[in-house]
Structure formats: C-alpha cells, structure tokens
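Each residue of the sequence shown is one higher than the one before, counting from 1 in full-length UniProt numbering.
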Amino acid sequence: MENGDAAGIRGATNPMVTPLLTDLYQFTMAYAYWKAGKHLERAVFDLYFRKNPFGGEYTVFAGLEECIRLIANFKFKEEEISFLRSVMPTSEDGFFDYLRSINCSDVEVYAISEGSVVFPKVPLMRVEGPVAVVQLLETPFVNLVNYASLVTTNASRHRFVAGKSKTLLEFGLRRAQGPDGGMSASKYCYIGGFDATSNAAAGRLFGIPLRGTHSHAFVSSFMSPDQVVVSGLSSQDGSSTCEDFVALVRSWLSKLQMVESLRGIFGETNQSELAAFISYASAFPNNFLALVDTYDVMRSGVPNFCAVALALNDLGYKASGIRLDSGDLAYLSVEARKFFRAIEKVFGVPGFGTMVITASNDLNEETLDALNKQGHEVDAFGIGTYLVTCYTQAALGCVFKLVEINNQPRIKLSEDVTKVSIPCKKRCYRLYGREGYPLVDIMARENESPPKVGERVLCRHPFIESKRAYVVPQHVEELLKCYWPGNSSKAREELPSLNKIRARCIQQLEQMRPDHMRRLNPTPYKVSVSAKLYDFIHYLWLNEAPVGELQ
1 MENGDAAGIR GATNPMVTPL LTDLYQFTMA YAYWKAGKHL ERAVFDLYFR KNPFGGEYTV
61 FAGLEECIRL IANFKFKEEE ISFLRSVMPT SEDGFFDYLR SINCSDVEVY AISEGSVVFP
121 KVPLMRVEGP VAVVQLLETP FVNLVNYASL VTTNASRHRF VAGKSKTLLE FGLRRAQGPD
181 GGMSASKYCY IGGFDATSNA AAGRLFGIPL RGTHSHAFVS SFMSPDQVVV SGLSSQDGSS
241 TCEDFVALVR SWLSKLQMVE SLRGIFGETN QSELAAFISY ASAFPNNFLA LVDTYDVMRS
301 GVPNFCAVAL ALNDLGYKAS GIRLDSGDLA YLSVEARKFF RAIEKVFGVP GFGTMVITAS
361 NDLNEETLDA LNKQGHEVDA FGIGTYLVTC YTQAALGCVF KLVEINNQPR IKLSEDVTKV
421 SIPCKKRCYR LYGREGYPLV DIMARENESP PKVGERVLCR HPFIESKRAY VVPQHVEELL
481 KCYWPGNSSK AREELPSLNK IRARCIQQLE QMRPDHMRRL NPTPYKVSVS AKLYDFIHYL
541 WLNEAPVGEL Q
C-alpha cells in the first residue's frame, strides 16, 4: 500500500500533532545517524509498558488510531525545517534536505487491536522502518498511547466498580489538563465504558452522547415564581395549553404537603429554587432533570422537583429525575427514592418511583465502592476530576525500545531486571483455556511455529528460570496485526469506528477471569516467552554484559 492509499486516514489530525511534536534529542540522534550513514538502516522498535496502573492487573490499550493518523500525515513543512535550522545551527544543509524528503511510506506498524486488554512487557505496537524516521516517531507515539491507555483503563475500573446497570457520565472537561486533555479524556472514557459526556465539542467530533442539566448558579439566579414567565406550555399531544403552569405547580406542592407519609419531611420550600425549576421545566418539558441540593435536598429540592414533575405529568410529559451534588449521597438517594415511591403510591403516577437519581461531587473508585457497601439508590454517576486527571497515577510509563537493527537482535540491560528489554522481532499470542478465559500471553521469535490448539506449549517467565508451565490452549489468538504496511504488499487492518473500539473494550473486559479484575489483591496475569526465545534472551544477555574482573 502506498502511503497515500489509506482512505480516510490522511487529514483530520490534531493540529498540535506534527513532526515537531517530539523531543529535541530525536533530531540530534537523527542527525548523528545521518552523519554516520546509518539513517536508512532497518530498525525494529517495540512500544510497551512495564507495570499495570492503579494497583491493578490489567490495562486497556488505546491511542492506536491517533498514531496511524500521525504517520499517514507525517511530512515536514518548510517553516518547521526553518525552525529546526535555528535550533541546530551547526548541522549540515544536507540533513535538512533529508528531513524534507522523508515520510512514513517505508514504515510498517503492527499493533494489538485498540480497546484490547493488555499486559506488561507485551508489545502494544511494533514499528519497523529506517532507524532515523522511526526514532522521530518515538516521543509522539509514546505520548499518544500513554494517556489514552491510562484514562481508558481508569474509566474501565470505574465501570467495574459501578456495575453494568449504572449510567456513567464523564463530567471532567473543566478539570482536565487543558483543551487537548479534555477532548482526549471524553473520547477515551467513552471507550472505557462511560455512557456519555458533558463535553459538547467531543459530542460533535466523536459522536459521543451528551448529557447535562443546570448548575447551582442557575437555581440561585431566580427570586420568585411570580417573576417566572411561562407562556402557554402546551400538552405533550398538543391538544391543550396550560396558561398558568406556575399555579399548577403550586397546587401540587400544596397537595404534597397534605400527604400523610410525607408530613414532617418538609414545610415551606425555597421559592427561588421553585422558580428555577419551573423555568427549566418549561424550557425542557421532555427532559427535566433538576439539581436539588442548592439549599436543602429533602426540605426543599426534592419536594420542589416533585411538584414541577407532577405538573408536567398532568400535561403528558415525564420528568427525567434529580441530581445530587453534595451531602451524604447514599442516605439522600435512599430518602429521595422513598419520596418518589410514596408519590407514585398516593397519586397513582406510573413510573414516578423509578425516577432517575444522578450523583456527582468528586466521585472516584473508592467512593463508588463505599456507596455500594452502604447501600444507595443512585442510577447514574457524574464523574470528573479523579477520572480525567487519573489522580491516583500520573502516567502509564510506556517505553519504546530498539529490539533489532539490520536483522540483528538487540537487548537493553539493567541492574533492575524489570527494565531489561526482550530482544528481536516477535510474534505474540494469547492462549485461552476450556472456560473461555485467557490463560497466558506468550511471545516467540518471528520464525517460530505458532502455538496450536490442543498441543502442549512450554511457557517460561522471561527472566526467572524456575517459573514455567505447560499450557494446552483451546483457542489461540495472534495479537499483533498490520495497521500500516508502508510500501509492502501486506494487507492492512482497517481502523474501526469509536463505537466498535468501545464494544471491543467491553467485550474484552467481560472475557477476563474475575480474579484478574478485582480491585483488591487481583491475581497477576501471566506473560511468558517461548522456550526458544527464553534461551536466546539469556544467550544475548551473556554476550552483551561486560565481564567483571576482581583484583
């Protein structure tokens, strides 16, 4: 495939993501490669991470589409060349001519499908191409995958704790790290299992469902229902018009005060709040959801909401529900639900007892877990700061390591064994057991025969000799697929839609064994290498490590 033949990939990139979005030392290395005549040598790099985030035992891979869009549009502009000349004044003119000429037509990218559950050490992406070009891709690729995978994983963990039946709303735009952070958070939280976002720009750009109601400022901006102008609110079927909606609401409020089971809960409610609710309901009679904690949830907010909702019901509309943004969310949600059920029973309004209760207020994994243990009646959670900032872990820690050059495997050694790289071009497989759960991921050298269903495979820990096990897989999945074949004739995997990536993420998470997923003390998932690759790693290690000498 020619570089320009990837339909739908060229263009539509983030304007901030240009060939200059990399570290200066990538350019200084590229110049040194060029000076040494090495810049065209064929190199293979692996992009992977070393440890799962948030104290868990899994990660969700995201950001692949942005990486492919980057290389599909990779070309230096003349003003970018001029800027590089100014910061590298001693570099020869020929180097800048070389930069003008390069694109990613000779680069190949193999990757795990976006939205997949992934594990440490296994390459998320394998990038092959001229060493100078691929080196320039290191920083943007790590940047595009790091946060995307981190926040997708964070979203999936919130979904796991909340449960499948709850609606999760991403409300993090105002707390995100800048506009780009806010847009990325909305996109990847949706992939990770959230149902909607408050971010209107993300709704337009990515097609994510939007949700939002009003703020405390809207409520406190009103003074009295007498000042609210509701001009002829028509019934749902258009057959009649209510000329005095305010009077209808007030009559319902009086009726609520007479209900035996509700006596003692409230008396005179806040009238500015009632005015705000009447105004908002008249603007959105089909989707009236009220923020009820501006003054007092049970003494004012909930009764005022119910009076307006019952008035809407008389006109054939059905209110959506309430939002709680402060206080004891478990207790208040339970009390509000009792209030709703009492109204349904007394006035015979079908469905009133199941009115949606949404909760917000700096929620995170821990507070969701605590609410579950306390018992609550919340149907939807609006989550912002802790979600989009990944408050409990700042970064995933992706790395981009050279594993082969000119068909010669390379290894990076360290006194910290977790930082030793796994050399050579590899193929990666996921082996499944009888119950349909993944058992182990295994990496093998490119020329090795793949594992076969029903045949015993020896899986070894890359560095600990005694950790090994035989596995008889019932299903074998090859993980790395070609998403950018460059000038080769290999078939290219199509980039899926956002909804398909989201569906894959949800399906992958449901496929995992529950003990790998739990919040506390999850079981580590096994990542292994083949017997041949194990032997080669240690052979190369001994060859490359200097031999000490004792005096």
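Heads up, the beta-carbon is just placed ideally off N, CA and C, and yes, glycines get one too.
Taking the beta carbon of residue i as the centre, do at least 16 other beta carbons fall within 10 Å, making it buried, or is it exposed?
i, result
"Gly-436", "exposed"
"Ile-322", "buried"
"Thr-358", "buried"
"residue 580", "The question about residue 580 has no answer here: the residues shown for the chain are numbered 1 through 551."
"Ser-149", "buried"
"Thr-213", "buried"
"Met-355", "buried"
"Ala-7", "Summary for Ala-7: the model assigns pLDDT 46, below 50, so the residue's position carries little reliability, and this model does not support an answer."
"Asn-543", "exposed"
"Ala-155", "buried"
"Ala-72", "buried"
"Val-151", "buried"
"Met-125", "buried"
"Tyr-534", "buried"
"Gly-55", "exposed"
"Met-183", "buried"
"Ser-116", "buried"
"Glu-465", "exposed"
"Asn-143", "buried"
"Asn-3", "Below a pLDDT of 50, predicted positions are generally treated as unreliable, and Asn-3, at 39, falls in that range; no measurement from the model is reported."
Cα separation between residue i and residue j?
i, j, result
"Ser-234", "Val-346", "26 Å"
"Ser-105", "Gln-135", "15 Å"
"Ser-279", "Val-229", "8 Å"
"Phe-171", "Asp-195", "11 Å"
"Tyr-429", "Ile-442", "5 Å"
"Pro-438", "Tyr-58", "12 Å"
"Leu-40", "Tyr-483", "22 Å"
"Gln-227", "Asp-328", "33 Å"
"Leu-332", "Glu-446", "59 Å"
"Val-453", "Phe-83", "55 Å"
"Val-529", "Asp-325", "50 Å"
"Glu-478", "Ile-501", "18 Å"
"Tyr-539", "Gly-37", "30 Å"
"Gly-316", "Asp-237", "7 Å"
"Ile-265", "Ala-217", "25 Å"
"Phe-536", "Cys-424", "9 Å"
"Glu-79", "Arg-100", "11 Å"
"Thr-18", "Leu-550", "52 Å"
"Thr-22", "Leu-137", "8 Å"
"Asn-286", "Gly-351", "15 Å"
Flag this pair as yes or no: are the beta carbons of residue i and residue j separated by less than 8 Å?
i, j, result
"Val-420", "Phe-463", "yes"
"Arg-85", "Phe-96", "yes"
"Ala-311", "Phe-245", "yes"
"Val-161", "Arg-519", "yes"
"Val-259", "Asn-313", "no"
"Ile-112", "Leu-480", "yes"
"Ala-276", "Val-334", "no"
"Gly-203", "Val-388", "no"
"Leu-169", "Arg-159", "no"
"Pro-473", "Pro-451", "yes"
"Gly-353", "Glu-365", "no"
"Ala-342", "Ser-261", "yes"
"Lys-532", "Glu-404", "no"
"Leu-64", "Glu-114", "yes"
Since residue i and residue j are thought to touch, with beta carbons under 8 Å apart, how far apart are those beta carbons, to the nearest angstrom?
i, j, result
"Glu-128", "Arg-42", "7 Å"
"Cys-398", "Phe-119", "Not quite, the Cβ-Cβ distance comes to about 13 Å (not below 8 Å), so this is no contact."
"Phe-288", "Ala-309", "7 Å"
"Val-378", "Leu-431", "Not really, about 40 Å apart at Cβ, beyond 8 Å."
"Cys-505", "Ile-208", "Not confirmed; about 14 Å, so no contact."
"Pro-53", "Thr-153", "6 Å"
"Gly-301", "Glu-268", "Incorrect: roughly 14 Å between the Cβ atoms, too far for contact."
"Asp-46", "Pro-123", "4 Å"
"Leu-402", "Asn-146", "Not confirmed; about 19 Å, so no contact."
"Ala-444", "Arg-427", "5 Å"
Could one say the Cβ of residue i lies closer than 8 Å to chain B's Cβ atoms, at least one of them?
i, result
"Val-229", "Absence of chain B from the displayed structure is noted, only one protein chain being present."
**Request:** For the segment 408 to 415 and the segment 495 to 514, state whether three or more C-beta atom pairs, one from each stretch, are separated by less than 8 Å.
**Result:** no
**Asked** Using 8 Å as the threshold, is the segment 481 to 491 in touch with the segment 105 to 119, meaning 3 or more CB pairs across them?
**Response** yes
**Three-pair Cβ contact test at 8 Å for the segment 131 to 146 versus the segment 23 to 38** = yes
**Message:** Below 8 Å, how does it come out for the segment 450 to 458 and the segment 509 to 516: are there three or more Cβ pairs, yes or no?
**Reply:** no
**Prompt:** Do the segment 364 to 378 and the segment 276 to 293 meet, that is, are 3 or more Cβ pairs less than 8 Å apart?
**Reply:** no
**Prompt:** Would the segment 282 to 293 and the segment 377 to 387 be scored as touching if the rule is three or more Cβ pairs under 8 Å?
**Reply:** no
**Stretch-stretch touch, CB-based, cutoff 8 Å, three pairs: the segment 187 to 203 with the segment 247 to 263** = no
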